[in-house]
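Every number in this note's numbering is 11 more than the matching position in the sequence shown, counting from 1. Worksheet: the structure to be examined is printed underneath.
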Amino acid sequence: MNKAKGQISWINPPVLVRDLSGLNDPSGIIVELERIRRDLTTDPQGAIGAAKQLIEATTKTAPRELGS
Numbered sequence: 012m013n014k015a016k017g018q019i020s021w022i023n024p025p026v027l028v029r030d031l032s033g034l035n036d037p038s039g040i041i042v043e044l045e046r047i048r049r050d051l052t053t054d055p056q057g058a059i060g061a062a063k064q065l066i067e068a069t070t071k072t073a074p075r076e077l078g079s
């Protein structure tokens, strides 16, 4: 991570998605991870909002995956 003029910039952007193939429907999680990756350097507030949405998507996905 390099800082230039008060902004975050990446030489090699972080990989946010690992293997989610074990989940029946990871779509909500993947959408939010992509939003975070996209907004991280240009729209930090958007990335924070996406992180909140990621928590919500994960809390919805976990019970489904566990059969609850």
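Just so you know, even glycine gets a beta-carbon here, dropped at the ideal spot from N, CA and C. Note that the structure is predicted; figures quoted are calculated from it, not measured.
Check                                                                                                                                  : Outcome
Can you round the beta-carbon distance between Leu65 and Leu44 to whole angstroms, since I take them to be within the 8 Å contact cut? : 7 Å
Does DSSP classify Thr72 as helix, strand or coil?                                                                                     : helix
Which residue wins for smallest C-alpha separation from Arg46, given the options Thr70, Arg29 and Gly57?                               : Gly57
Taking the alpha helix (DSSP H) that Ser32 belongs to, which residues open and close that run?                                         : Careful: Ser32 lies outside any alpha helix (DSSP H) and carries neither H nor E.
Classify Ala73: buried if its beta carbon has 16 or more other beta carbons within 10 angstroms, exposed otherwise.                    : exposed
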